[in-house]
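Encoded as C-alpha cells, the structure appears first; notes follow it.
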Amino acid sequence: MAKKKTSTKKSKKSASKKAPKTVIKKRSKRGKNGVKTTNKLEGLAESVVENAFGKREPAIDIPIRALSNVSFNPKTRYIEMGDRCQQRSLFNYGQAKRFMQTLLVASKCKELVDADKTASIRQIYYLAKHTIKGTKEKTFDSQDESDPVIEDLEVALEALREELHVFAGSKGALIGELTFVDSGDTIDATKLGSGGYAIPSIVEPNVIQFKKCKAKYVLHVEKDTVWRRFVEDRFWEKHRCILTHGGGQPSRGVRRMLYRMHDELKLPIVCLLDNDPWGYYIYSVIKQGSINLAFESSRMAVPNAQFIGVSSFDYKRFDLTDDVKIELDGNDVKRAKQILNYPWFAGKKAWEKEIKQMIKNGFKMEVEALCSKNLTFVTDEYTPQRLKQRKSWLD
Amino acid sequence: MEDQRANAVGIPSDITGQTNVKLSPQCSISDTVGKLTRIKAGKVSKKKSRTSRASAETMAKQQREISISEFFARNRHLLGFDNKRKALLTSVKEAVDNALDACEEGGVFPEIYLEIKQLSEDRFRMICRDNGPGIVKAQIPNIFGKLLYGSKFHRLKMSRGQQGIGISAAGMYGLITTGKPVSIISRTGKGKPAHHYKLAIDTKKNKPDIIAEKTVEVPWERGTEIEIEMVASYNKGRQSVAEYIELTAIANPHTTIVFKGPDKKVLEYLRNVDELPEQTEEIKPHPHGVELGVLMKMVKETSAKQLGAFLSGEFSRVSPKISKEVCSKAGLTQRTWLQSVGPSDIQKIYNVLQETKLRAPSTNCLAPIGAEAILNGLLKGIKAEFYTASTRPPAVYRGNPFQIEVGMAFGGQLGSLDANSKGDDKSKQPQSARVIRFANRVPLLYQQGACCTFKSVVDTKWNNYGLSQSRSTLPQAPFVVLIHMASVWVPFTSESKEAIADYDEIRKEIKLGLSECGRRLGTYIRRKKKRSHFAQRRDVFHRYIHEIVESCRAMTVCNKDDLRNALSDLAARATEAADMEFDDHGKIIAKRKNGDSEMDNTIVLDESQQAPAGQLELFSNGAPTTPKRTTRAKKTRKSSKKSKKKSSSKTKKRR
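So the protein lines, in turn, are chains A and B.
Residue 1 is where the first sequence starts when you use our numbering, and the numbers rise one by one after that.
Residue 1001 is where the second sequence starts when you use our numbering, and the numbers rise one by one after that.
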C-alpha cells in the first residue's frame, strides 16, 4: 500500500502543472477479503500514521463509483466494478474535508465493531457529527455528506456495510409461503396479517436462516401500495408465491433477500414495476446490480430476474383507457434513452422495442393505473395473465 | 447706452495676460493676435443712419482704456475667485506657489508657514511665510500691487506660476471684499532690514498704491511674509485648503509645510527628500508650437536683421541648414531683410515651418518630480501598503515638451480610514479610487471631470490590474492615483488652471504611465491574493489535522503529538506546493484573515525597480537648514536633465 502511494505521489508531482483534483490510478487486486474488518480499519489508520511519519502525504484510495468505472460482465450477467481509484488526499484543498470525514467515520465504525453494536447510517451521522475545535465548522453538515462516506469506506476497505456494523432503515416488506428464522425467532410469513414482514437492512445468514418454502416464485412489486393490493387479495395464497416490495428503489436488504431466495431456495424472481424509466431502472438494479454499489453485485444481483410488467404494449394488450396515461416529460425521455444505452440493455431487442414504444406512446403508466378498470383487476386478471404470457416477459 | 457698457466688458475671454496692457480705442484688430491681448472698448464706428443715435464723436467720449485690474476686479471668477470658499483656496494656492517658486529658484529648501485665522464668520486672514530669497525693496509694490507683472511670463520655462496675475489678484480680492490692504514683509538676508509694506491696488491704473511703508524687526532671517484679509469660507474635506496643502506636500517632498487652520490645529509636512528639484532651462519656442500671429509678433520684435538669423536664433531646433531650407522653400533667402518681409511672406514661412520635419524640442527645460520623490511624497501624505511610481520619458505636444509622471498608492489604511469615517456604509458601497492631479507640481482640485488625467484614469481597464471597476467609472478600491504633468506650457482648459486639456499626445503618455504602474499594482494584488489564499488553505488543513489525529488514535496505537507534528509539517509543505499550483492557474479567491499581520504597517514597494536605495532614511527628518544640492552625476537615473547652475535670485514677479 505504502509503496503504491509513493509512486502515485511522484507521478502527481511530475504532472502537477494541471493539478488534477482526482488522481485516477489502477487499483491493486483485491486481496483483503480474508482480513477481519477491525484489522482493515486499523490498517487504514496505520497507513495514515505511517505516511505522516514517512513525510508522505496521507491519502486513501477509493474506487470510483460511477458509470465510468463499472462494466457489464456478460458471463456473470451483472455489473462489476472496475479497478480505477480516486485518491483522497488530506493536503488537497478540495478533498481535505472528505478525507477527515472518512477517517472520522472509520473511527466510529471501529468503535461499533469493537463494542459489537450496530448503528444506522443516520446514527453514524450523529455519532460523527461535532463542531471542530476552535471553529464554527461542523464535521458533517448533513447526512447527505456522511452516507457517501460510508459507501466510500465500504469500497475502500472492501468491507460490507454489515461488516462495519452499519445498517440502513428497513425498507420493503415480504409476505408469502416461507418460513424462516430471524435472530432466533421463527417467522411464518403466511401469518403476518396485512403488514407483512419488514425486511431489515441486514439479512445475512447469521441473522436470517430459511426453514421451509412452499412458494413457486417470488413476485416483486415496486411499491408498498401495490403490494397491499396483492396482500389484501391474498394473491400469495392463490398463486403459491412470495410477495415482496422495495418501496421504490429496493434497498440493499431487499436485494440481498431476493438474491438469497433465488440462490438458496431456487425461486424465480418476477418483477411487476411501473411502466416508466424508474421502473426499468429498478428492474435493472435487481437484475444486474447498481452502478453505485457495483462492488456488491456478486452478492445481490439476480441475473435471472424477469420483468412481467407493466409493459408499454399493455395499453393495447389489455385495452386500457386514456385515464391510465401520464405524459412523459423531457427528463423521462432523456432518462429512457440513457437506460437504453447502458451496456446491459444494449443488444436486447425486446427491451429496445419496449423503451422505444414507451417513447412512441408518449406516456407512462403506474401499476396503480390498472385500477382504472376495477380495483382487483391487477390481481385477478392482469398479473395472472401476464404470468402465463411467458413469451412477452422481458429479460 | 447700455449696450455700449456691455460691449466694453465683453472682452475676449481668452485673455492670457500680458504685461503692460495698453488699451487704446483705435488700435487695429489685426494687431491683436496671439497672446498679446488688447482689449478694445467700444464699437468700431460705423455710419449712423439715424441722428437720434450717438454719433461717432459722442461715442468716442465714452470710449476709453480699461485697466486690466479693473477688468479682473469685475471678472474675478476667471482667476478662481468665484465664491468665498474657492477664493480662500485660490489665495492660498497663489501664495504657496509663489513661495515655492521663489525658494527653489533661490536654491533654498522651502519651508512654508501658512496660517488661516478666522476673524468673524466669513472673514479670514491668510498669512503665508517662506524662507525664500526675499524681494528687494523697490520691487515689492510692483509685485504685489500690479497685475500681470512678473518674471515668468516671457520665458518658456517650467514653473508653477506662468502669468503674474495670481498673488496680486488675491490681494485685490481682499481689498475689494474687505477694504483692507495687503501686508507684505520681506527681508533678503541676515543683516538686511525687513521692509514692511501695506499695499492697495489702484484698479484703474493697475498700479500699486502704497498705504504704509516702514522697516520692521522680524525674528526670521530671510524670506517673505504676506498677509491678506478677505471674505471667504473655510471648509474641510475635498477641495479644501487642507487638501491643497496635503497634495502640495506630496508633489513637493523637498518642502516643509506647516499649516495652522482656523481650528488651531497644526498640520506639519516635513521634508523627506534631500534634494531640490533641478533648475530648468529656458527654451526657445519650437516652430511647431508657434501660431501665425505669434510668429508675426516675433518678426516684429526680434533683434535679428535677416531672416536666416531670425529663424535659427529665435527658435529651438532650427539649425542654419534647416533655416536655409525653409527660406528657399518660402521663396526667400537667408539674407532677406526682415523689414522687407511682408505678412504674406510670413504666412509662407509659417506654412513651410509646419511642414518641415524638425527634431523634438529639447527636454532639459523639464524638471519632473521623479519617481523616487513621488514615492516619498506619497509616503508622506498617504497611508497605504503599496506604492509605486513611474516617470515617463519626455514627449511633445504642439511643439511643447512635457513629461508625465504617475504614482499609485493602494490598500492599507486607505481602506480602513474610510471605514472609520463612513461606518457601515463601507461594506455596502466600496469607495471609489481618488485621482490627485498636478501640473508643474501644483495640485489641481477643481473640474476633475474635464481633466485629461481623470479621463485617462477612467478609460483605463482596471480590471486587468486586479481592481474592480464598472464601465467608465473610477475603480472601486482603496486606491489613489497621482498624475503629474510637467511642461513649459501646461495646456489648461481655462484661465483658472483647473483642468488639463485633452491632447492626444498627453493622453497617450498618461495611459502609458498608468499601465506601467498598473501592471506593478496588478502583480502585487495578485501576489497578495495568492498569499491570503495560501494562508487560508493552511488554515483548513490545520483545522482538520486535529480531527484526523483523534480518529487515528481511536483506531490504532500512535503518539498523538508526534502525529500532529508530522501532519503539520506536511501541511506547511503542502501549502507551499499548493500555492505554486495556484500561480499557474491564476484562479484566486480573495479572502483575508484578520490575523494577517504581516502586511499591516508594512510599506510594500515594488521591489523590481522603484524601491529607492535611500528608502530607509525616508523618515529621518534631519531637515538641514542649508540645502545641499547633490549633483546628478551620482544618480543612476537616465533622465535627460542636467543639473543647472544656480540661477541668481532674480527679482521675480510672483503670480
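Built from N, CA and C at the ideal position, the CB exists for glycine as well.
Residue i in three-state terms, based on DSSP
| i | result |
| --- | --- |
| M300/A | coil |
| A119/A | strand |
| I1346/B | helix |
| V367/A | helix |
| T1188/B | coil |
| W1337/B | strand |
| I359/A | helix |
| E1227/B | strand |
| T139/A | coil |
| H245/A | strand |
| D1263/B | coil |
| E1405/B | strand |
| G1268/B | The residue asked about is misnamed: residue 1268/B is Glu in this sequence, not Gly. Strand at E1268/B. |
| E151/A | helix |
Cutoff 6 Å; reference residue i; Cβ partners in own chain excluding five residues on either side
| i | result |
| --- | --- |
| V1216/B | A1194 and H1196 |
| L1247/B | I1436 and P1443 |
| Y1524/B | F1386 |
| F230/A | L243 and T379 |
| E327/A | F363 |
| N292/A | R65 |
| Y947/B | Nothing about residue 947/B can be read from this structure; chain B reaches only from 1001 to 1655. |
Proximity below 8 Å, CB of residue i to CB of residue j
| i | j | result |
| --- | --- | --- |
| N1351/B | S1487/B | no |
| R1543/B | E137/A | yes |
| L1358/B | I1322/B | yes |
| I1211/B | P1181/B | yes |
| F167/A | P343/A | no |
| I1510/B | T1473/B | no |
| Y1234/B | Q1118/B | yes |
| F1410/B | I1506/B | no |
| I1346/B | V1326/B | no |
| T102/A | I64/A | no |
| V1244/B | L1089/B | The residue asked about is misnamed: residue 1244/B is Tyr in this sequence, not Val. Contact flag set, yes. |
| M100/A | I1548/B | yes |
| T1493/B | C1365/B | no |
Start-to-end residues for the beta strand (DSSP E) that takes in residue i
| i | result |
| --- | --- |
| S1390/B | F1386 to T1391 |
| D83/A | Unbroken run through D83/A: none, as it is neither H nor E. |
| A1395/B | A1395 to Y1397 |
| R1437/B | R1434 to A1439 |
| F180/A | L178 to D182 |
| A1680/B | Shown here, chain B extends from 1001 to 1655; a query on residue 1680/B therefore has no answer. |
| L1119/B | E1111 to S1120 |
| T1177/B | Careful: T1177/B lies outside any beta strand (DSSP E), inside the alpha helix (DSSP H) at G1166 to T1178. |
| L44/A | Per DSSP, L44/A belongs to no beta strand (DSSP E); it is in the alpha helix (DSSP H), T37 to F53. |
Beta-carbon proximity list for residue i, same chain, < 7 Å, skipping 5 on both sides
| i | result |
| --- | --- |
| L265/A | F210 and C213 |
| R386/A | I308 and G309 |
Endpoints, alpha helix (DSSP H) assigned at residue i
| i | result |
| --- | --- |
| N1098/B | K1084 to E1105 |
| E1314/B | L1307 to E1314 |
| H1671/B | Residue 1671/B lies beyond the residue range present for chain B, which begins at 1001 and ends at 1655; the question has no answer from this structure. |
| V1318/B | Note, V1318/B: premise wrong, no alpha helix (DSSP H); not H, not E. |
Contacting residues, own chain, Cβ-Cβ under 8 Å from residue i (five flanking each side not counted)
| i | result |
| --- | --- |
| K1084/B | D1122, V1231, A1232 and S1233 |
| S372/A | L320, T321, D323 and V324 |
Exercise. Using 8 Å as the Cβ pair cut-off and three pairs as the minimum, do the stretch 94-109 of chain A and the stretch 1503-1519 of chain B touch?
Worked result: Output reads no: the stretch 1503-1519 of chain B does not touch the stretch 94-109 of chain A.
Exercise. Would you call the stretch 268-278 of chain A and the stretch 127-141 of chain A in contact, with 3 or more CB pairs under 8 Å?
Worked result: no
Problem set entry | the stretch 1102-1116 of chain B in contact with the stretch 1053-1070 of chain B per 3-pair CB rule at 8 Å | no
For this session: Decide yes or no for the touch test of the stretch 319-328 of chain A against the stretch 341-356 of chain A: beta carbon pairs closer than 8 Å, at least 3 of them.
Result: no
Exercise. Can we say the stretch 1369-1389 of chain B touches the stretch 1328-1342 of chain B, given the rule of at least three CB pairs closer than 8 Å?
Worked result: no
Exercise. Okay, do the stretch 205-216 of chain A and the stretch 176-194 of chain A touch, 3+ Cβ pairs below 8 Å being the bar?
Worked result: yes
Problem set entry | Contact the stretch 1183-1194 of chain B vs the stretch 1220-1228 of chain B: 3+ CB pairs below 8 Å | yes
Exercise. Is the stretch 74-89 of chain A touching the stretch 359-374 of chain A in the sense that three or more CB pairs, one from each, lie closer than 8 Å?
Worked result: no
Exercise. If we count Cβ pairs, one from each stretch, closer than 8 Å, do we get three or more for the stretch 144-152 of chain A versus the stretch 189-200 of chain A?
Worked result: no
Problem set entry | the stretch 281-289 of chain A touching the stretch 246-260 of chain A, judged by at least three CB pairs closer than 8 Å | yes
For this session: Could you tell me whether the stretch 43-61 of chain A touches the stretch 1566-1573 of chain B, using the rule of 3 or more Cβ pairs below 8 Å?
Result: yes
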